[in-house]
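Chemist: In terms of the numbering used here, the sequence shown opens at residue 2 and continues consecutively. From the three backbone atoms N, C-alpha and C, an ideal C-beta is built for every residue, glycine too.
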Amino acid sequence: MALPMLPGNSVNRKLGRDKFHKSQHFDYSNGVAMMVGTEKPGIGGDLLLGQSARPKYSRFPKGEGSGAPAWLAFDKQVLCFDAYFNEAVPQRREEKYRVRKCKIYFYLEDDTIQVVEPEFKNSGIPQGTLIRRHRIPLPAPKDDCFYNVHHFNINQEVVFYSRNIMITDCDPFTRNFLIKMGVRLNPPASTPADPYTTLRQELEENMKPLRPYERLDTLRQFLEHDRQVLRFYCYWDDSESMFGDPRELILHYFLADDTMEMYEVVPPNSGRDTVPKFLHRGKLPKHAPIPKRQPGEITDRTVLNVFGPVGQGGRYILDSLKTGAVEEEFYKDCDLTIGAVINVWGRRVLICDCDYFTKEYYRSKYGIEDFPSISYKASPPPKPARQVPPYTGFGSEEDSLCSCQGLLPKPPQKDFKKLMEKDRQGLVSNVLRFVGKMLTDSPVDKERVFIICFYLTDDTIAVFEPPQRNSGVIGGKFLERGRVKKPGQELFKSEMSEYFTAQDLYVGAHLLLNSQPFQLLDADDFTFSYMEQHADEFPKANIGTIISKVKSISEEQQKKVKQFFMMSDPSSTGFLPYESFRTLLADLDVELSEHEIMTLGRVYSVRQQPEVDVGFMLAVAQDHLKKKNFEKFPEMIQAFIHEDRDRCGQLSSKEARIICKAFRLPLSDDLLRALLEKFAGESDKIDYHAFLSGINWRENPVPAVLPEDTVKFDADWRGEAPEPAVKTINYSLLLEDVFGSATNINDS
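1. With a threshold of 16 other CB atoms inside 10 Å of the CB of K97, please say whether the residue is buried or exposed.
2. Mark N515 as exposed unless 16 or more other C-beta atoms lie within 10 angstroms of its C-beta, in which case mark it buried.
3. Mind checking who E249 pairs with in its DSSP beta bridge?
4. What is the rounded straight-line gap between the Cα of F174 and the Cα of E120?
5. May I have the straight-line CA-CA distance separating I730 from V604, to the nearest angstrom?
6. With burial defined as no fewer than 16 other Cβ atoms inside 10 Å of the residue's Cβ, what is the status of H596: buried or exposed?
7. Return the chain-ordered list of same chain residues with a C-beta closer than 8 Å to the C-beta of K102, the five sequence neighbours on each side being excluded.
8. Quick one, are the C-beta atoms of P468 and V450 less than 8 Å apart?
9. Based on the DSSP secondary-structure assignment, which residues constitute the bridge partners of E466?
10. Counting beta carbon pairs with one atom in the stretch 645-660 and one in the stretch 618-629, are three or more of them shorter than 8 Å?
11. Taking the C-alpha atoms as reference points, what is the distance between L619 and F435?
12. Since P518 is in the alpha helix (DSSP H), which residue starts that stretch and which ends it?
13. Run through the DSSP bridge pairs and tell me what N87 is partnered with.
14. With distances taken between CB atoms, is the gap from P188 to N156 smaller than 8 Å?
15. With a CB to CB cut of under 7 Å and the five nearest residues on each side skipped, what residues in its chain are close to T113?
16. Name, in chain order, the residues that DSSP records as bridge partners for H135.
17. Between A89, P42, W237 and D523, which lies nearest to A341 when the distance is taken from Cα to Cα?
18. Considering only residues of the same chain and omitting the five flanking positions on each side of I462, which have a CB-CB separation below 8 Å?
19. Only counting the same chain, and skipping five residues up and downstream in sequence, which positions put a Cβ closer than 7 Å to that of L200?
20. I'd like to check one pair, F279 with T359: are the Cβ atoms closer than 8 Å?
21. Buried or exposed: where does Y162 fall if 16 or more other Cβ atoms within 10 Å of its Cβ makes it buried?
22. For I251, which of G43, R646, K478 and I352 has the nearest alpha-carbon?
23. Does the contact criterion of 3 or more C-beta pairs under 8 Å hold for the stretch 688-702 versus the stretch 540-553?
24. Contact between the stretch 517-531 and the stretch 557-573 is defined here as three or more beta-carbon pairs at a separation below 8 Å; is this criterion met?
25. Exposed or buried, what is Y357 when buried is set at 16 or more other beta-carbons lying within 10 Å of its beta-carbon?
26. Taking C-alpha atoms, which residue in I339, A386, W72 and P247 lies nearest to E370?
27. So what does K486 bridge to, in DSSP terms?
28. Let's test the definition: count the other Cβ atoms within 10 Å of the Cβ of N697 and tell me whether it reaches 16, buried, or not, exposed.
29. Mapping DSSP to helix, strand and coil, what is P444?
30. Bridge partners for I1 per DSSP, in chain order?
31. Does the distance from the C-beta atom of K633 to that of F664 stay below 8 Å?
32. Within 10 Å of its beta-carbon, does T744 have 16 or more other beta-carbons around it, so buried, or fewer, so exposed?
33. Out of P42, K181, F527 and P412, which has the shortest C-alpha to C-alpha gap to G396?
34. Let me know the beta strand (DSSP E) ranges lying completely inside the stretch 556-612, each 3 residues or longer, listed in chain order.
35. Near L49, which residues of its chain fall below 8 Å by C-beta distance, leaving aside the five closest residues on each side in sequence?
36. Could you check what DSSP says for R759 in three-state terms: helix, strand or coil?
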């Protein structure tokens, strides 16, 4: 093998090179031939003879740090240097130059530099940002390059636009960053003293007295009590003077500076002119009026002697004992109490009351708990009762009353809040429906059944009569909807009439509707549920009140109850038919109404959920799907199979419901939930093949459902007696709630 450095075997630098292009250095600009590529390399990207690489930004060794770009790797990372520069001050005798301290901020993300001079009080020169953030070029002849991180070090000088700035120190972050970059930091340098600043400090120190001044700390009081004002209600009796009368005043005491001001309360039609203030804000002396003082007689500090030249170099002595001081007493917050009389420049003003903030202030600071107010006003005479003329008979009573309350009659206002709360919302009608009959001796009218509706929105009553076959009476509207007056009231009177309310209607109640007596026999389930939910408004449906009545029976009645339960339930099952239970409560001497007995039976009844026919549910579901023309059953079976990972033919109810919602199955939530419950097994798994086969109206149609079977309501609208909702009573629970324990009754 030949050696590489022998003659004829020199290194060929073109081996392995793939770039042989030549950079363009000359071009025409505006028709003039000129050199435009001074920074471009030569052939293949190599530098020309005498050409050096000029990096645009700071370069770091490859392989160190992250490969992210500089604007991301060094985001919000700034190097901070402490520096100073000397500035000449011509045409001044006190100073020849000034040392100005500044801070240099170097932003690593884009090599920009900002120079900021901290602001000093009374410096006399504009300070702040001296050089705005941008890339600063190097001094000539290298002004085509810019400063980067390698140009900065401690205890060295940099030149920014012909201004020499000396870097003295840096912050810990900058020091740590430069050390990690491999920069050998110089020791910190000290900043020279500014001659003019030193001179001013000496003058200020010479101006300070040898004995310290008495400190008057008013700033602390201002910061602690700013915007805190005590308010007092005062009274000034000026009736002894000519044309004088009692005055009402409002006193404001400002805690920030112990000043006060006063306003006068001018009542309407008093004949007095309204002035801005009764007393301008200021300190109120206790012994007013005070004699006038000469200028300089009242001072904060007492000077005993003054000698030497006036001004700079003068000397004086302060009187620490204040022997010749003239003091004035002013009102403080401790002098203002309820019942105190203050002197307002010769006027005796009585403090009668204060506001809540003032009471809390005196309670927390002085421990005063009692604030008895002083009444200084004569009680106003009682207003004469307004005589309302009696009702004329035209229109409603409310309309007639509104015409007497103003010159311009307005229609009576309705209870809009009650209307919005009790208005129909979805399936909640907020209408109480009762079944009633006439109380009459006519054999025809005895058999008539009426539906009495009470509307909670406006307390109106409407009566309807369902048609009955072969009754000889045409059904329909019996009483127009409106408010019904209670019986036994005069027609033409000044007072408002009383109307039937929701509390007057309950099962077993007797109503006289427009001179026609009715008895309420039953109510629908919504009425019972609504009255039980609002038991505080309906005492007949309050289970607590009913149980308390049952508890109040005598011992003989308790024995009667014991014997009745033993005879009615010999096998001691704890259950009793409702009719027997009703007969027992009706015979007790506790005066329970029929509504209270039914409420008690509803609370302690044995609830039996009616079994829903699956065929009927599938018929209703297929009817809905057929009307909506839904035929995506093949896609649904594919979705079910895709979710069935175990290929067992079953999915959970939650997953099946999600798939049905995803395909927008046009079924109501209640019907879909009921169908899924019917097809669910013991482990809450749905046989989706059977479910989809049941609702598929194309392949497995079921007999059509009749229109009257789609919706099931109670039959009380048709006048037929519905089946009782309560059939069996769990009397053992009732005995535990009433008598404490069912075993005690059985044993006794």
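Modeler: Inspection of the coordinates gives the following:
1. For the purposes of this step, residue 97 is identified with residue 96 of the sequence shown, where counting begins at 1. Its Cβ having fewer than 16 others within 10 Å, K97 is exposed.
2. Numbered from its first residue, the sequence shown carries residue 515 at position 514. N515 should be labelled exposed.
3. One-based indexing of the sequence shown puts residue 249 at position 248. The bridge partners DSSP lists for E249 are Y236 and V266.
4. Here residue 174 corresponds to residue number 173 of the sequence shown, with the count starting at 1. Here residue 120 corresponds to residue number 119 of the sequence shown, with the count starting at 1. Our two residues, F174 and E120, have alpha carbons roughly 24 Å apart in a direct line.
5. Position 729 of the sequence shown holds residue 730. Position 603 of the sequence shown holds residue 604. Between I730 and V604, the C-alpha separation is close to 9 Å.
6. For the purposes of this step, residue 596 is taken as the residue at position 595 of the sequence shown. It counts as buried.
7. The count along the sequence shown starts at 1 and reaches residue 102 at position 101. Cβ within range, chain order: D83, A84, Y85, E118, P119 and T192.
8. Start at 1 with the first residue of the sequence shown, and residue 468 comes out as number 467. Start at 1 with the first residue of the sequence shown, and residue 450 comes out as number 449. Going by C-beta atoms, P468 is not nearer than 8 Å to V450.
9. The residue you call residue 466 lines up with position 465 of the sequence shown. G477.
10. Taking a cut-off of 8 Å on C-beta distances, the stretch 618-629 does not touch the stretch 645-660, as fewer than three cross pairs fall below it.
11. Sequence index remark: in the sequence shown, residue 619 carries index 618 (1-based). Sequence index remark: in the sequence shown, residue 435 carries index 434 (1-based). Whole-angstrom Cα-Cα distance: 35 Å.
12. Within the sequence shown, numbered from 1, the residue matching residue 518 stands at position 517. Bounds of any alpha helix (DSSP H) do not take in P518; it lies within the beta strand (DSSP E) bounded by Q517 to A524.
13. What you label residue 87 is simply residue 86 of the sequence shown in a count that begins at 1. Per DSSP, V100.
14. Working through the sequence shown from its first residue, we reach residue 188 at position 187. Working through the sequence shown from its first residue, we reach residue 156 at position 155. Yes.
15. In the sequence shown, residue 113 corresponds to position 112, counting from 1. Excluding positions up to five away in sequence, the list reads R134, H135 and R136.
16. Position 134 of the sequence shown holds residue 135. Bridge partners of H135: I114.
17. Along the sequence shown, one-based indexing puts residue 341 at 340. It is W237.
18. Sequence index remark: in the sequence shown, residue 462 carries index 461 (1-based). Closer than 8 Å at Cβ, skipping near neighbours: I453, C454, F455, Y456, L480, R482, G483, R484, V485, F501 and L514.
19. Position 199 of the sequence shown, counted from the first residue, corresponds to residue 200. Hits under 7 Å: E95.
20. Here residue 359 refers to the residue found at position 358 when the sequence shown is read from its first residue. Here residue 279 refers to the residue found at position 278 when the sequence shown is read from its first residue. Cβ atoms of T359 and F279: not closer than 8 Å.
21. As a working note, residue 162 is residue 161 in the sequence shown. With fewer than 16 other Cβ atoms from the protein chains shown falling within 10 Å of its own Cβ, Y162 counts as exposed.
22. Counting from 1 along the sequence shown, the entry for residue 251 is found at position 250. Nearest to I251 by alpha-carbon distance, out of G43, R646, K478 and I352, is I352.
23. no
24. no
25. As a working mapping, residue 357 is identified with position 356 in the sequence shown. The residue is exposed, with fewer than 16 neighbouring Cβ atoms inside 10 Å.
26. In the sequence shown, residue 370 corresponds to position 369, counting from 1. That would be I339, whose Cα lies nearest to the Cα of E370.
27. As a first step, residue 486 must be located in the sequence shown, where it is residue number 485. Y500.
28. Position 696 of the sequence shown, counted from the start, is the residue given in the question as residue 697. By the neighbour-count rule (16 or more Cβ atoms within 10 Å), N697 is buried.
29. Walking along the sequence shown from the start, residue 444 turns up at place 443. P444: helix per DSSP, three-state reduction.
30. Here the chain covers residues 2 to 749 and nothing more, so residue 1 does not appear.
31. Sequence index remark: in the sequence shown, residue 633 carries index 632 (1-based). Sequence index remark: in the sequence shown, residue 664 carries index 663 (1-based). Cβ distance < 8 Å, so K633 and F664 count as in contact.
32. Position 743 of the sequence shown, counted from the start, is the residue given in the question as residue 744. Note that T744 scores a pLDDT of 48, beneath 50, so its modelled location is shaky; the value from the coordinates is reported in the next line. Flag for T744 reads exposed.
33. Reading the sequence shown from its first residue, position 395 is the one you call residue 396. Out of P42, K181, F527 and P412, P412 has the C-alpha closest to the C-alpha of G396.
34. Whole beta strand (DSSP E) segments, 3+ residues: 576-578.
35. In the sequence shown, residue 49 corresponds to position 48, counting from 1. Excluding sequence neighbours, L49 sits near P42 and G43.
36. What the structure shows of the chain is the stretch from 2 to 749, and residue 759 is not part of that stretch, so it cannot be assessed.
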